[in-house]
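Novice: Residue numbers (my numbering), protein chains in the order written: chain F, 86 to 260; chain R, 30 to 333; chain S, 2 to 150.
Sharing a structure with you now.
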Amino acid sequence: MNLWNRLMCTCRRRSPWLFHMNSGSCNGCDIELVASLTPRYDAEQLGVRLEGSPRHADILCITGPVTRNAVGAIQTVYGQVCGPKAVVAIGSCPATTNVFIDSRTLDGPLNKHIPVDVFVPGCPPRPDAIIQGVAKAAQILAERGNNPPIADAAPQVVGSGATECACNECKEVQP
Amino acid sequence: MNLITALARLLIFPGLLFAVPAAWFFLWVERKAVALMQGRIGPPFMQPFYDFIKLLGKTTPLREGIGGLLMKAWPLLAVSSAAGAVALLPVLPSSGGFEGDLILLLALLEVPSMCIIAAGFSSRSIFGEIGSAREAVLSVSYNVVFLLAIVSIAASQHTFRLEALAQLPASPLRWLGVLAILVCLPAKLHLNPFSLPNAEQEIYSGPMVEYAGPELAMWELSHGLEWVAATGLVATLAAPHVTLWWIAAPIFVALSFAIVLLLSILASATARLAIDTTVRFYWQCTLIFAVLAISSVLFMRLRS
Amino acid sequence: MNILIMLLKNLWGGSRTLLFPARPKVTERFRGLVQFDPTRCTGCAICKFRCTSRAIDFKGGKGEFTWSYDPGQCTFCGRCVEGCKDHALSQESACPPVYTTIGELKKSYTLARKPPAPRPAPAAPIAAKAAVNATAAAPATNPASGGTQ
Numbered sequence: 086m087n088l089w090n091r092l093m094c095t096c097r098r099r100s101p102w103l104f105h106m107n108s109g110s111c112n113g114c115d116i117e118l119v120a121s122l123t124p125r126y127d128a129e130q131l132g133v134r135l136e137g138s139p140r141h142a143d144i145l146c147i148t149g150p151v152t153r154n155a156v157g158a159i160q161t162v163y164g165q166v167c168g169p170k171a172v173v174a175i176g177s178c179p180a181t182t183n184v185f186i187d188s189r190t191l192d193g194p195l196n197k198h199i200p201v202d203v204f205v206p207g208c209p210p211r212p213d214a215i216i217q218g219v220a221k222a223a224q225i226l227a228e229r230g231n232n233p234p235i236a237d238a239a240p241q242v243v244g245s246g247a248t249e250c251a252c253n254e255c256k257e258v259q260p
Numbered sequence: 030m031n032l033i034t035a036l037a038r039l040l041i042f043p044g045l046l047f048a049v050p051a052a053w054f055f056l057w058v059e060r061k062a063v064a065l066m067q068g069r070i071g072p073p074f075m076q077p078f079y080d081f082i083k084l085l086g087k088t089t090p091l092r093e094g095i096g097g098l099l100m101k102a103w104p105l106l107a108v109s110s111a112a113g114a115v116a117l118l119p120v121l122p123s124s125g126g127f128e129g130d131l132i133l134l135l136a137l138l139e140v141p142s143m144c145i146i147a148a149g150f151s152s153r154s155i156f157g158e159i160g161s162a163r164e165a166v167l168s169v170s171y172n173v174v175f176l177l178a179i180v181s182i183a184a185s186q187h188t189f190r191l192e193a194l195a196q197l198p199a200s201p202l203r204w205l206g207v208l209a210i211l212v213c214l215p216a217k218l219h220l221n222p223f224s225l226p227n228a229e230q231e232i233y234s235g236p237m238v239e240y241a242g243p244e245l246a247m248w249e250l251s252h253g254l255e256w257v258a259a260t261g262l263v264a265t266l267a268a269p270h271v272t273l274w275w276i277a278a279p280i281f282v283a284l285s286f287a288i289v290l291l292l293s294i295l296a297s298a299t300a301r302l303a304i305d306t307t308v309r310f311y312w313q314c315t316l317i318f319a320v321l322a323i324s325s326v327l328f329m330r331l332r333s
Numbered sequence: 002m003n004i005l006i007m008l009l010k011n012l013w014g015g016s017r018t019l020l021f022p023a024r025p026k027v028t029e030r031f032r033g034l035v036q037f038d039p040t041r042c043t044g045c046a047i048c049k050f051r052c053t054s055r056a057i058d059f060k061g062g063k064g065e066f067t068w069s070y071d072p073g074q075c076t077f078c079g080r081c082v083e084g085c086k087d088h089a090l091s092q093e094s095a096c097p098p099v100y101t102t103i104g105e106l107k108k109s110y111t112l113a114r115k116p117p118a119p120r121p122a123p124a125a126p127i128a129a130k131a132a133v134n135a136t137a138a139a140p141a142t143n144p145a146s147g148g149t150q
């Protein structure tokens with residue numbers, strides 16, 4: 086079945102279907118994401134299609150620092166995406182909550198809840214950077230094969246010092 | 030026709046083996062034409078093939094009970110009937126396709142739409158129900174015009190056989206009928222301006238919302254086969270009568286290609302119309318011409 | 002009709018798409034990753050104070066200090082670059098790269114504090130003249146002399 090596996094890898098790399106989800110973003114990154122489908126950048130040359138249903142998609146593109154209201158929705162939608170799947174965090178908000186650090190309405194960076202494969206930094210990132218991120222995620226998807234993402238069972242806890250906060254208010258409110 | 034010939038025509042040419050690559054080719058032509066007209070470069074040539082294989086490799090959610098079985102059955106039914114419709118097309122004029130007449134072709138062309146409607150309802154999702162309801166309303170609207178136009182063309186020749194209809198003499202009635210069918214094609218193939226059932230952002234892909242993996246691959250394939258069958262039907266009715274098969278077959282292919290380009294121009298030039306405007310368009314504007322066509326045919330038959 | 006003319010012009014004139022992986026040029030005023038010049042930094046930590054998203058971290062000590070920067074946290078506003086009086090910070094004119102692990106792009110530098118620059122010795126004649134002028138000016142501003150008409 087080696088030929089079939091190689092064919093499947095090629096097809097997964099060349100046909101990434103996206104589903105876009107906004108978890109409280111300011112919409113800057115969302116605008117740049119749909120700008121990558123415009124004639125100048127044309128994500129469709131890579132086979133990218135923006136799908137209407139999470140069941141149709143392979144790659145989940147998430148923008149926005151994860152607000153508390155959005156956590157349940159993100160976990161539901163991540164469960165609805167059929168495997169094999171990859172997640173791209175667009176902008177610096179889902180990676181590290183950016184300027185909204187210490188906010189009481191947020192629930193941590195995105196990889197506290199779901200495993201993230203590619204981070205596209207920028208505020209907002211340029212559309213060509215987003216396309217690079219999606220292409221890298223398609224490559225990861227092709228190489229991953231049928232294995233689930235590494236931390237699918239237990240969510241990863243961020244260990245870097247970016248979310249440490251020493252003020253008293255956060256010690257009371259955050260879990 | 031013996032069994033071997035029938036199976037060969039159904040499975041090899043112009044059946045499944047020819048129809049599936051033709052479906053992928055037509056899907057690519059439509060995407061590429063729309064992209065070029067929008068100033069982009071579109072997907073590469075093998076893109077529908079890559080999409081199909083990738084979808085075959087995805088997992089599907091578990092659905093238990095009879096609902097799960099039904100959801101698996103609808104895309105298979107859609108693909109097989111659309112492939113049968115393509116197998117009926119008279120690509121080579123003398124031998125024709127799989128033997129059958131116009132009524133069978135129309136019935137097989139209708140089944141995928143019925144399957145979409147049923148699939149939306151059996152997915153038990155509210156978006157599926159809205160999409161299916163829209164598809165049902167659209168189907169009722171354009172089918173009246175479509176069937177009246179085809180019946181008027183067939184009645185004027187006193188036959189329903191496809192080979193006879195492929196060799197029609199030129200007449201204004203025939204062009205009127207072909208024009209009416211062309212107007213119904215965007216609604217049948219879910220193209221702008223009548224692409225309401227699978228409104229992506231409004232209702233999360235409508236009837237297809239719960240489908241994933243190999244089932245979705247079958248839906249995409251049935252969509253491509255519908256393209257081939259519908260454009261082939263119009264090409265059959267519009268093509269001039271040529272006896273030599275090695276001129277007639279390329280003419281057939283070229284006409285289908287031209288129709289695909291025409292529909293792509295329409296799809297990229299227009300936006301999606303709402304359901305009330307669509308229904309009003311078909312029932313108020315185009316129904317007049319179809320009624321004119323059928324009444325003139327009946328009048329001519331009464332006189333003769 | 003205009004739309005049809007536009008579509009046919011597009012079909013005829015070719016696309017204006019950048020073929021992947023070509024990317025458009027960035028201008029030189031583009032605000033990309035913050036770059037640190039260790040030779041110029043004096044450890045004042047104004048950049049950490051001005052940073053809007055806590056991307057710059059500064060840990061100071063007696064003899065040395067550590068400056069670290071996480072581009073994943075950065076919002077590329079440029080306040081640190083504006084506020085640095087030693088011009089040790091600048092922003093590169095290039096798109097930040099895509100990464101796959103949290104903290105992959107983090108950078109940190111540990112520098113020894115520079116000894117303070119020695120003060121110049123005060124010049125004596127100028128100081129004495131200034132003192133004389135100050136005492137001469139004081140009686141002139143006596144309110145009693147202003148009382149005579």
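Ideal Cβ placement from N, Cα and C applies to all residues, glycine included.
For clarity, every value in this text was computed on a predicted model and none was experimentally measured.
For Met247 of chain R, tell me which candidate among R:Ala62, R:Leu105, R:Ser293 and R:Val207 has the shortest Cα-Cα distance.
Specialist: Each of R:Ala62, R:Leu105, R:Ser293 and R:Val207 was checked against the Cα of Met247 of chain R, and the nearest Cα belongs to R:Leu105.
Novice: Give me the Cβ distance between Pro212 of chain F and Glu117 of chain F, rounded to the nearest whole Å; I'm assuming they're in contact under 8 Å.
Specialist: About 5 Å separates the CB atoms of Pro212 of chain F and Glu117 of chain F; that is less than 8 Å, so the two are in contact.
Novice: From the beta carbon of Cys146 of chain F, is the nearest beta carbon of chain R less than 7 Å away?
Specialist: By this cut-off, Cys146 of chain F is not an interface position.
Novice: Using beta carbons (cut-off 7 Å, strictly below), is Met66 of chain R in contact with chain S?
Specialist: yes
Novice: Quick check on DSSP: helix, strand or coil for Ala95 of chain S?
Specialist: Ala95 of chain S carries a coil assignment under DSSP once its states are collapsed to helix, strand and coil.
Novice: So Gln130 of chain F and Leu20 of chain S are in contact, right, with Cβ under 8 Å, and what is the actual spacing, rounded?
Specialist: 7 Å
Novice: For Gln186 of chain R, which of helix, strand or coil comes out of DSSP?
Specialist: Three-state DSSP puts Gln186 of chain R in a helix.
Novice: Near Ala184 of chain R, what residues of its chain come up, given a Cβ to Cβ distance below 6 Å and the 5 sequence neighbours on each side ignored?
Specialist: Val326
Novice: For my contact list, Ala258 of chain R and Ala111 of chain R are in at a C-beta cut-off of 8 Å; report their separation, rounded to the angstrom.
Specialist: 6 Å
Novice: Could you spell out where the alpha helix (DSSP H) holding Ile276 of chain R opens and where it closes?
Specialist: Trp274 to Ala298
Novice: Considering only the alpha carbon of each residue, which of R:Pro201, R:Leu131, R:Ser152 and R:Pro226 lies closest to His187 of chain R?
Specialist: Looking at the Cα atoms, R:Leu131 is the closest of the given residues.
Novice: DSSP puts Ser69 of chain S in a beta bridge; with which residues?
Specialist: S:Asp58 and S:Ser109
Novice: Just to confirm the assignment, what range does the beta strand (DSSP E) spanning Met106 of chain F have?
Specialist: Trp102 to Asn107
Novice: Nearest CA to the CA of Cys208 of chain F: which residue from F:Ser121, F:Cys114 and F:Arg99?
Specialist: F:Cys114
Novice: Helix, strand or coil for Arg134 of chain F? Go by DSSP, reduced to three states.
Specialist: strand
Novice: Sort out for me which residues DSSP pairs Val100 of chain S with in a bridge.
Specialist: Residue identity differs from the one stated: residue 100 of chain S is Tyr in this sequence, not Val. Answer is F:Phe204.
Novice: Determine which residues of the segment 108 to 132 of chain F have a Cβ less than 7 Å from any Cβ of chain S, and write them out in chain order.
Specialist: Pro124, Arg125, Tyr126, Asp127, Gln130 and Leu131
Novice: Starting from the Cα of Tyr70 of chain S, find the closest Cα among S:Lys107, S:Asn11, S:Arg120 and S:Pro123 and give me that residue.
Specialist: S:Lys107
Novice: Quick one: Cα of Arg332 of chain R to Cα of Phe318 of chain R, how far?
Specialist: 21 Å
Novice: In chain S, which residues lie with their C-beta within 9 Å of the C-beta of Ala214 of chain F?
Specialist: Arg24, Cys96, Pro97, Pro98 and Val99
Novice: Would you say Pro287 of chain R reaches chain S, if we count a Cβ-Cβ gap shorter than 7 Å as a contact?
Specialist: Checking the sequence, you will find Ala at residue 287 of chain R rather than Pro. So no, Ala287 of chain R is outside the interface.
Novice: Look at Ser151 of chain R and Gly96 of chain R and say whether their C-beta atoms are less than 7 Å apart.
Specialist: Going by C-beta atoms, Ser151 of chain R is nearer than 7 Å to Gly96 of chain R.
Novice: For Leu205 of chain R, which option in R:Ser170, R:Val166 and R:Ala267 has the closest C-alpha, if you only look at C-alpha atoms?
Specialist: R:Ala267
Novice: From the beta carbon of Asn232 of chain F, is the nearest beta carbon of chain S less than 7 Å away?
Specialist: no
Novice: Can you name, in chain order, every residue of its own chain whose Cβ lies under 7 Å from the Cβ of Gly84 of chain S, other than the five neighbours on each side?
Specialist: Ile47, Cys48 and Arg51
Novice: I want to know whether the segment 70 to 90 of chain R touches the segment 294 to 311 of chain R - three or more CB-CB distances under 8 Å.
Specialist: no
Novice: Per DSSP, what are the beta-bridge partners of Cys1 of chain S in this structure?
Specialist: In this structure chain S extends from 2 to 150, so residue 1 of chain S is not present and cannot be described.
Novice: Starting from the C-beta of Gly261 of chain R, find all residues in its chain whose C-beta is less than 8 Å away, skip the five residues before and the five after it, and write them out in chain order.
Specialist: Taking C-beta separations shorter than 8 Å and ignoring five residues to either side along the sequence, the partners of Gly261 of chain R in its chain run Val115, Leu118, Val120, Phe281 and Ser285, following chain order.
Novice: So Ile294 of chain R contacts chain S; which residues on that side make the cut at Cβ distance below 7 Å?
Specialist: Leu8
Novice: With DSSP collapsed to three states, give me the class of Thr95 of chain F.
Specialist: helix
Novice: I'd like to check one pair, Ala214 of chain F with Arg98 of chain F: are the Cβ atoms closer than 7 Å?
Specialist: Against a cut-off of 7 Å, the Cβ pair of Ala214 of chain F and Arg98 of chain F comes out as no contact.
Novice: Please list, in chain order, the chain S residues whose beta carbon lies closer than 7 Å to that of Val203 of chain F.
Specialist: Val99 and Thr101
Novice: Output the distance between the C-alpha atoms of Gly44 of chain S and Thr152 of chain F, rounded to the nearest integer angstrom.
Specialist: Going by the C-alpha atoms only, they are around 36 Å apart.
Novice: Of all the options F:Val173, F:His198 and F:Ala220, which has the alpha carbon lying nearest to the alpha carbon of Gly157 of chain F?
Specialist: F:His198
Novice: Does the CB of Gly84 of chain S have a neighbour CB from chain F at under 7 Å?
Specialist: no
Novice: For Asp130 of chain R, write down the residues that DSSP places opposite it in a beta bridge.
Specialist: BP columns for Asp130 of chain R point to R:Arg190.
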